[in-house]
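See structure below.
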Amino acid sequence: MMTTAVPGAPGRPAGESRWAVETHGLTKRFGAKPAMNGVELLVPRGSAFGYLGPNGAGKTTLIRVLLGLTRADAGTMSLLGYPVPRHRDAALARVGAIVDEPRFHRHLTGRQNLRLLAAAREPAARDRIGPALERVGLAHRGDDRVSGYSMGMRQRLGIAACLLGDPEMLLLDEPMNGLDPAGMAQMRDIILSMVAEGRTVVLSSHLLDEVERTCDAVAIVDRGSIIAQGPISELLAGAQVALAVECSEPGRARALLAGTTLSARVAAVPAEAGPSALGLDITLPAGAGRDVIAEINRVLVEGGISVYRLQPVQTSLESWFLQVTTRLEDPE
Amino acid sequence: MMTIPDRRGTPVPTVGLIATRIMELRKRRGLMIALIVMNIGFPALFLFIRLLGHAFWPRTSPPAGGSQIFGVLAAGFLPTFGFVAAATVGCTAGSRDLTEGMFRHLVVTGRSRLALYLARIPAGLAIVVPVVAIVYTILCAVCAFAAPTVVTDNGVNIPPGLSRAGFANWAEGHAELVVCNFLANPPGNVDCPSGPGTSSVSSATPGQAAPPALEALAVKIASQDYPGYASILRSPPTSVMIEGGLWIELEATVGFILGLGLASLMGQRTLPVIFLIMFQIILTPILSGISIAHLQDLQRSFVGLAVSRLEPSGLPTTVGGMPGVTGGVGGPGSVRLPESATEAVCVIIAWLAAWTILGAWRMATRDA
Numbered sequence: 064m065m066t067t068a069v070p071g072a073p074g075r076p077a078g079e080s081r082w083a084v085e086t087h088g089l090t091k092r093f094g095a096k097p098a099m100n101g102v103e104l105l106v107p108r109g110s111a112f113g114y115l116g117p118n119g120a121g122k123t124t125l126i127r128v129l130l131g132l133t134r135a136d137a138g139t140m141s142l143l144g145y146p147v148p149r150h151r152d153a154a155l156a157r158v159g160a161i162v163d164e165p166r167f168h169r170h171l172t173g174r175q176n177l178r179l180l181a182a183a184r185e186p187a188a189r190d191r192i193g194p195a196l197e198r199v200g201l202a203h204r205g206d207d208r209v210s211g212y213s214m215g216m217r218q219r220l221g222i223a224a225c226l227l228g229d230p231e232m233l234l235l236d237e238p239m240n241g242l243d244p245a246g247m248a249q250m251r252d253i254i255l256s257m258v259a260e261g262r263t264v265v266l267s268s269h270l271l272d273e274v275e276r277t278c279d280a281v282a283i284v285d286r287g288s289i290i291a292q293g294p295i296s297e298l299l300a301g302a303q304v305a306l307a308v309e310c311s312e313p314g315r316a317r318a319l320l321a322g323t324t325l326s327a328r329v330a331a332v333p334a335e336a337g338p339s340a341l342g343l344d345i346t347l348p349a350g351a352g353r354d355v356i357a358e359i360n361r362v363l364v365e366g367g368i369s370v371y372r373l374q375p376v377q378t379s380l381e382s383w384f385l386q387v388t389t390r391l392e393d394p395e
Numbered sequence: 018m019m020t021i022p023d024r025r026g027t028p029v030p031t032v033g034l035i036a037t038r039i040m041e042l043r044k045r046r047g048l049m050i051a052l053i054v055m056n057i058g059f060p061a062l063f064l065f066i067r068l069l070g071h072a073f074w075p076r077t078s079p080p081a082g083g084s085q086i087f088g089v090l091a092a093g094f095l096p097t098f099g100f101v102a103a104a105t106v107g108c109t110a111g112s113r114d115l116t117e118g119m120f121r122h123l124v125v126t127g128r129s130r131l132a133l134y135l136a137r138i139p140a141g142l143a144i145v146v147p148v149v150a151i152v153y154t155i156l157c158a159v160c161a162f163a164a165p166t167v168v169t170d171n172g173v174n175i176p177p178g179l180s181r182a183g184f185a186n187w188a189e190g191h192a193e194l195v196v197c198n199f200l201a202n203p204p205g206n207v208d209c210p211s212g213p214g215t216s217s218v219s220s221a222t223p224g225q226a227a228p229p230a231l232e233a234l235a236v237k238i239a240s241q242d243y244p245g246y247a248s249i250l251r252s253p254p255t256s257v258m259i260e261g262g263l264w265i266e267l268e269a270t271v272g273f274i275l276g277l278g279l280a281s282l283m284g285q286r287t288l289p290v291i292f293l294i295m296f297q298i299i300l301t302p303i304l305s306g307i308s309i310a311h312l313q314d315l316q317r318s319f320v321g322l323a324v325s326r327l328e329p330s331g332l333p334t335t336v337g338g339m340p341g342v343t344g345g346v347g348g349p350g351s352v353r354l355p356e357s358a359t360e361a362v363c364v365i366i367a368w369l370a371a372w373t374i375l376g377a378w379r380m381a382t383r384d385a
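As they're listed, the protein sequences go chains E and G. Here this note's numbering is used: the first residue of the first sequence is 64, the next is one more, and so on. Here this note's numbering is used: the first residue of the second sequence is 18, the next is one more, and so on.
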């Protein structure tokens, strides 16, 4: 990939910038309501990065601000090392994006829509129309009118539009919306293949399972602010761990645990679901090691309770997300 | 370190950008059908019916072409419908990217929004101008090649293109016809078939030899009336056809630019189209027909009047077809405000520039 200089920033090649997206104090208000409130975001290059948040958290607003579709009220940002909006055209030349539902001219074919977009890019973009359609699996439908496309086909056409600029980074806003399981799997494969080519993919979504399967790192946004960000593995390592316990007397086991020094660190509740009524779900503190599990086992056994099973449950992105966000739906 | 020049920030649209905008408009079947039917279909059908009528019933149906029918269409129908159709194309070009969700895709390419806007101007005109040119060419062809074989002066059919002497000779041979129809009060000794001063629209067939005094009177009348006869044209002169064509294209261009700017400003198509139709069909004729003493400068700054001011002098401004509807002044009761051609050109340029700037500004600042 050719390195280009950041205009106005001598000695700092944009291609060597570590961050694909870098924002500081980014703020955007709609009236009195902040849609983004001092967003500090760092997206490493070459990664698949998930940008997660409940509905109305400000995910789309951030992407729209980054792309210059709307203006920020405060803060600074750069894309691929190019400060925007100052060098927006240079930055966007290296970015492909889908914002909201991908919509196209319905009276044109998919190929004609891409021609329209390629004409707005560099001359070489026109030569990429065929390969882009091929890559997203639309080559055989490229000459059909978009009015006859399904939602999934339009999403894929949106990805093809992103590929016209041979982008270093893709900003995809809810690309899985409206897709059936097969379409989601196909989209996932496309995204992963692009990451494998060294492109950065920023995936804004509320489909946590898909993000967890696709992305290396995430940021969680809630009420316009980023409340956590980093590699998924690191974030989950810092999350509370669940321990499923199966024993002979769950009620007494819970009381026993509550009466020990462990009570300050763990919370035990009767399991709501399980193979029998012999269960307890225990929440362990973040970073709890094997010693805590062993101590729980010792307390229960010394209390005369038969322990049939002790199983740490891997914290999912979804459960962690629920832990750190204040709500799933904006009450407003 | 190597710097790759990237010119997508420049406001100048590329040829490729313009070409794809043309494609985008051209592929709108409904719009293209409406444009062609309204601009080409109606006038062509009208002329075709006249051609057929004259071919099958030449005695009752006048020739399809000629100077008069040219005036009716070139000064009445074509400018009005050209303006409305061009405005509709402009409103479509100015709003559909936004309403159909493509504007966002285009913006994220990094291409200058100004270039995206400016590309629509040549693209739209590349569609509007040829359509207007086609219908105008049809009109000119019919009016030139299917023109009447005689001209009518004072209700008398006369061979066209006669010299002064030829006209006098013809009058001498049709003394009674000339005296009866060219004089309001023919001498009492002349036996006019339908009474004196009536228009019989007789054929140019010489009758019985008239008395020498009557022939002398007819020659004298012909001599006096020759300038009037010479000004009656069988078919429109080439210069008028060229000027008329350019003027109609100007009208269409103004309609397109206004439509583009207004639709970009409002972000939709329907209301701007309605506004511009009202502007052309209601507001302009009203302002053409009145003269407000203290607001004449304001009236003069109105683009409809300025375009009318540039109407070629060879076109009738009081055409019976659609007086006042053309945006042209001079219809019955209208008042032509004094305005120089330079002033009119300046007004038109100012309007085009203002609406282009407004549309481009809105496009550049709009949330996509």
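Where is the CB? At the ideal position from N, CA and C, for every residue including glycine.
**Message:** For a minimum of 4 consecutive residues, which ranges assigned as the alpha helix (DSSP H) are wholly contained in the stretch 69-149 of chain G?
**Reply:** 84-89, 95-116, 119-124 and 130-135
**Message:** Within a Cβ cutoff of 7 angstroms, which residues of the same chain sit near E273 of chain E, ignoring the five residues on either side of it in sequence?
**Reply:** To locate residue 273 of chain E, count along the first sequence from 1; it is residue 210. Excluding sequence neighbours, E273 of chain E sits near M239, M247 and R251.
**Message:** For T324 of chain E and R198 of chain E, what's the separation of their Cα atoms in angstroms?
**Reply:** Counting from one through the first sequence, the residue named residue 324 of chain E turns up at place 261. Counting from one through the first sequence, the residue named residue 198 of chain E turns up at place 135. Cα to Cα, T324 of chain E sits roughly 59 angstroms from R198 of chain E.
**Message:** Pull the bridge partners of V173 of chain G from the DSSP assignment, please.
**Reply:** Here residue 173 of chain G refers to the residue found at position 156 of the second sequence. Looking at the DSSP assignment, V173 of chain G forms a beta bridge with G:D170.
**Asked** T31 of chain G versus chain A: which residues are under 9 angstroms apart at the beta carbon?
**Response** The structure shown has no chain A; the protein chains it does contain are E and G.
**Message:** What does the alpha-carbon distance come out to for the pair E189 of chain G and L179 of chain G?
**Reply:** Position 172 of the second sequence, counted from the first residue, corresponds to residue 189 of chain G. Position 162 of the second sequence, counted from the first residue, corresponds to residue 179 of chain G. C-alpha separation (whole angstroms): 13 angstroms.
**Request:** Determine whether the Cβ of A405 of chain E lies closer than 7 angstroms to any Cβ atom of chain G.
**Result:** This structure does not reach residue 405 of chain E, given that chain E is present from 64 up to 395, and the question cannot be answered.
**Asked** Using a beta-carbon distance below 7 angstroms, is R178 of chain E in contact with chain G?
**Response** As a working mapping, residue 178 of chain E is identified with position 115 in the first sequence. By this cut-off, R178 of chain E is an interface position.
**Item:** For E360 of chain G, three-class secondary structure by DSSP
**Value:** The residue labelled residue 360 of chain G in the question sits at position 343 within the second sequence. Helix.
**Prompt:** Under the three-state reduction of DSSP, which class applies to G113 of chain E: helix, strand or coil?
**Reply:** For the purposes of this step, residue 113 of chain E is taken as the residue at position 50 of the first sequence. Reduced to three states, the DSSP call for G113 of chain E is strand.
**Prompt:** Among E:L319, E:L306 and E:R317, which residue has its Cα nearest to the Cα of I356 of chain E?
**Reply:** Here residue 356 of chain E corresponds to residue number 293 of the first sequence, with the count starting at 1. Comparing Cα positions, the closest option is E:L306.
**Message:** Would you call the stretch 84-104 of chain E in contact with the stretch 287-297 of chain E, where contact means no fewer than 3 C-beta pairs closer than 8 angstroms?
**Reply:** yes
**Asked** For L155 of chain E and chain G, any beta-carbon pair shorter than 7 angstroms?
**Response** Start at 1 with the first residue of the first sequence, and residue 155 of chain E comes out as number 92. Chain G contact via Cβ: present.
**Request:** Rank G:I50, G:A92, G:R25 and G:I374 by C-alpha distance to the C-alpha of E266 of chain G and give the top, closest one.
**Result:** Residue numbering aside, residue 266 of chain G sits at position 249 when the second sequence is read from its first letter. That would be G:A92, whose Cα lies nearest to the Cα of E266 of chain G.
**Message:** Only counting the same chain, and skipping five residues up and downstream in sequence, which positions put a Cβ closer than 6 angstroms to that of N254 of chain E?
**Reply:** Position 191 of the first sequence, counted from the first residue, corresponds to residue 254 of chain E. With the sequence shown as reference, residue 254 of chain E is identified as Ile, and Asn is not the correct amino acid for it. Closer than 6 angstroms at the Cβ level, and outside the excluded window around I254 of chain E, lie V264 and T277.
**Message:** Counting C-beta neighbours from all protein chains within 10 Å, is the total for M232 of chain E 16 or more, i.e. buried, or is it exposed?
**Reply:** Locating residue 232 of chain E in the first sequence gives position 169, where the first residue counts as 1. Its Cβ being crowded by 16 or more others within 10 Å, M232 of chain E is buried.
**Spatially closest choice to R94 of chain E from E:A135, E:L196, E:I161 and E:S268, by CA coordinates** = As a first step, residue 94 of chain E must be located in the first sequence, where it is residue number 31. First, the amino acid is wrong: residue 94 of chain E is Gly here, not Arg. Among E:A135, E:L196, E:I161 and E:S268, the Cα nearest to that of G94 of chain E is on E:A135.
**Item:** Minimum C-alpha distance to G26 of chain G - residue among E:T124, E:H87, E:N118 and E:E185
**Value:** As a working note, residue 26 of chain G is residue 9 in the second sequence. Of the listed residues, the one whose Cα sits closest to G26 of chain G is E:E185.
**Message:** I believe W82 of chain E touches L105 of chain E by the beta-carbon criterion, under 8 angstroms. Please report the beta-carbon distance rounded to the nearest angstrom.
**Reply:** Looking up residue 82 of chain E in the first sequence gives position 19. Looking up residue 105 of chain E in the first sequence gives position 42. So it is a contact: roughly 5 angstroms between Cβ atoms.
**Message:** Let me confirm a value: T37 of chain G is counted as buried when at least 16 other C-beta atoms fall within 10 Å, else exposed. Which label applies?
**Reply:** The residue you call residue 37 of chain G lines up with position 20 of the second sequence. T37 of chain G comes out buried.
**Item:** Segment contact flag, the stretch 154-165 of chain G with the stretch 198-210 of chain E, C-beta cutoff 8 angstroms, min 3 pairs
**Value:** no
**Range covered by the alpha helix (DSSP H) that runs through S256 of chain E** = Here the question's residue 256 of chain E lines up with position 193 in the first sequence. Per DSSP, S256 of chain E belongs to the alpha helix (DSSP H) from P244 to A259.
**Prompt:** Among G:V149, G:R137 and G:L234, which residue has its Cα nearest to the Cα of M380 of chain G?
**Reply:** Looking up residue 380 of chain G in the second sequence gives position 363. Closest by alpha carbon: G:R137.
**Cβ-Cβ distance between F167 of chain E and A280 of chain E below 7 angstroms** = Working through the first sequence from its first residue, we reach residue 167 of chain E at position 104. Working through the first sequence from its first residue, we reach residue 280 of chain E at position 217. No; because the gap between Cβ atoms is not below 7 angstroms, this pair is not in contact.
**Request:** Starting from R92 of chain E, follow its DSSP beta bridges and name the residues at the other end.
**Result:** Counting from 1 along the first sequence, the entry for residue 92 of chain E is found at position 29. DSSP output for R92 of chain E lists E:P97 as bridge partner(s).
**Request:** Answer with yes or no whether the minimum CB distance from R119 of chain G to chain E is below 7 angstroms.
**Result:** Here residue 119 of chain G is taken as the residue at index 102 of the second sequence, counted from 1. A small correction: the amino acid at residue 119 of chain G is Met; Arg does not occupy that position in the sequence shown. Interface residue, yes.
**Request:** Could you list which residues in chain E have their beta carbon closer than 7 angstroms to that of E41 of chain G, in chain order?
**Result:** Position 24 of the second sequence holds residue 41 of chain G. Those within 7 angstroms of E41 of chain G in chain E are H168, L171 and L179.
**Prompt:** Are the CB atoms of G88 of chain E and G138 of chain E nearer to each other than 7 angstroms?
**Reply:** As a first step, residue 88 of chain E is located in the first sequence; it is residue number 25 there, counting from the start. As a first step, residue 138 of chain E is located in the first sequence; it is residue number 75 there, counting from the start. Cβ atoms of G88 of chain E and G138 of chain E: closer than 7 angstroms.
**Asked** Taking 7 angstroms as the CB-CB cut-off, is T86 of chain E touching chain G?
**Response** Locating residue 86 of chain E in the first sequence gives position 23, counting from the first residue. Chain G, which has no Cβ nearer than 7 angstroms to the Cβ of T86 of chain E, makes this no.
**Euclidean distance between Cα positions of A223 of chain E and S110 of chain E** = Indexing the first sequence from 1 puts residue 223 of chain E at position 160. Indexing the first sequence from 1 puts residue 110 of chain E at position 47. Each residue's Cα considered, the two are about 20 angstroms apart.
**Prompt:** Where does Y391 of chain G sit, in a helix, a strand or coil, going by DSSP?
**Reply:** Residue 391 of chain G is absent from the model: chain G starts at 18 and stops at 385.
**Item:** A302 of chain E versus A316 of chain E - alpha carbon distance
**Value:** Against the first sequence, residue 302 of chain E aligns to sequence position 239. Against the first sequence, residue 316 of chain E aligns to sequence position 253. Roughly 24 angstroms between the two C-alpha positions.
**Request:** Compare the C-beta of W368 of chain G with all C-beta atoms of chain E and state if any pair is closer than 7 angstroms.
**Result:** Along the second sequence, one-based indexing puts residue 368 of chain G at 351. Cβ-Cβ to chain E under 7 angstroms: no for W368 of chain G.
**Request:** With a threshold of 16 other CB atoms inside 10 Å of the CB of F319 of chain G, please say whether the residue is buried or exposed.
**Result:** What you label residue 319 of chain G is simply residue 302 of the second sequence in a count that begins at 1. Buried, since its Cβ has 16 or more Cβ neighbours within 10 Å.
**Prompt:** Does DSSP put M55 of chain G in a helix, a strand or coil?
**Reply:** Start at 1 with the first residue of the second sequence, and residue 55 of chain G comes out as number 38. Looking at M55 of chain G - three-state DSSP - the assignment turns out to be helix.
**Request:** Taking L270 of chain E as part of the beta strand (DSSP E), name the residues at either end of that continuous run.
**Result:** Numbered from 1 along the first sequence, position 207 holds the residue referred to as residue 270 of chain E. Here L270 of chain E belongs to no beta strand (DSSP E), and DSSP marks it neither H nor E.
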